[in-house]
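Numbering (this note's numbering), first residue to last: 3 to 190. Taking it in order: structure first as structure tokens, then the write-up.
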């Protein structure tokens, strides 16, 4: 039976100069990275540019990738930093409306259509959560990263990430309760 190489094995091969291994990593992460950056960019075009720049930067900096570290954490860290720099230089907000529904990284099979609950949840997250909380929630639930990995990507402590996730879940629960009650304040 043919064994599919892990992201980390592909990154190690790419680090040794195997462009095909890196190409496979790009194909695995292109949509996921775009979806993540779309929530940090003002437009789809900006997100596409940032994703492309992230892959280029990752290729040129592969010598800095540490084997044993998850490739996704390293890649999202590069993307996060590029998005922050882009937002500062363009003097634009880091977050725009969602372009696409988040993909479940554990299930790459095409779906019958967007899950209405997921669409409503991510739409609420985009409306009510601050940018860093949205990023933390996205990395945790759409990308399935651990708290420690999210902390590395966002440049925060693990405790800070746990607090952000707790506050984000609480805010989202209140917003969903408000929506469910017909738009009235959920505390009344």
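Just so you know, even glycine gets a beta-carbon here, dropped at the ideal spot from N, CA and C. Remember, predicted model here, so these are calculated numbers, not experimental data.
### Query
Do residue 155 and residue 167 have their CB atoms nearer than 9 angstroms?
no
### Message
Only counting the same chain, and skipping five residues up and downstream in sequence, which positions put a Cβ closer than 8 angstroms to that of residue 53?
### Response
Excluding residues within five positions, the ones whose Cβ falls inside 8 angstroms are 32, 35, 36, 39, 81.
### Query
In chain order, which alpha helix (DSSP H) runs of at least 4 residues are fully inside the segment 136-175?
149-156
### Query
Per DSSP, what kind of secondary structure is residue 45 in: helix, strand or coil?
coil
### Task
Decide if residue 145 is buried, meaning its Cβ has at least 16 other Cβ atoms within 10 Å, or exposed.
buried
### Task
May I ask which residues mark the beginning and end of the alpha helix (DSSP H) holding residue 66?
Looking at the DSSP string, residue 66 is not in any alpha helix (DSSP H), and its letter there is neither H nor E.
### Query
Taking Cβ to Cβ, would you say residue 178 is nearer than 9 angstroms to residue 122?
yes
### Message
Quick check on residue 177: does DSSP put it in helix, strand or coil?
### Response
The answer is helix: DSSP assigns residue 177 an H, G or I state.
### Message
By the three-class DSSP mapping on this structure, what secondary structure does residue 20 have?
### Response
coil
### Task
Could you work out which residue in 63, 182, 16, 142 is closest to residue 164 when comparing CA atoms only?
142
### Message
Taking the beta carbon of residue 45 as the centre, do at least 16 other beta carbons fall within 10 Å, making it buried, or is it exposed?
### Response
Residue burial annotation: residue 45 is exposed, with fewer than 16 other C-beta atoms found within 10 angstroms of its C-beta.
### Query
Would DSSP call residue 12 helix, strand or coil?
Assignment of residue 12 by DSSP, reduced to helix, strand and coil, places it in the helix class.
### Message
According to DSSP, is residue 81 part of a helix, a strand, or is it coil?
### Response
helix
### Task
Would you please state the rounded distance, in angstroms, between the beta carbons of residue 76 and residue 67? I believe it to be under 8 angstroms.
6 angstroms
### Task
Taking all protein chains shown into account, decide if residue 182 is buried (16 or more other Cβ within 10 angstroms of its Cβ) or exposed.
exposed
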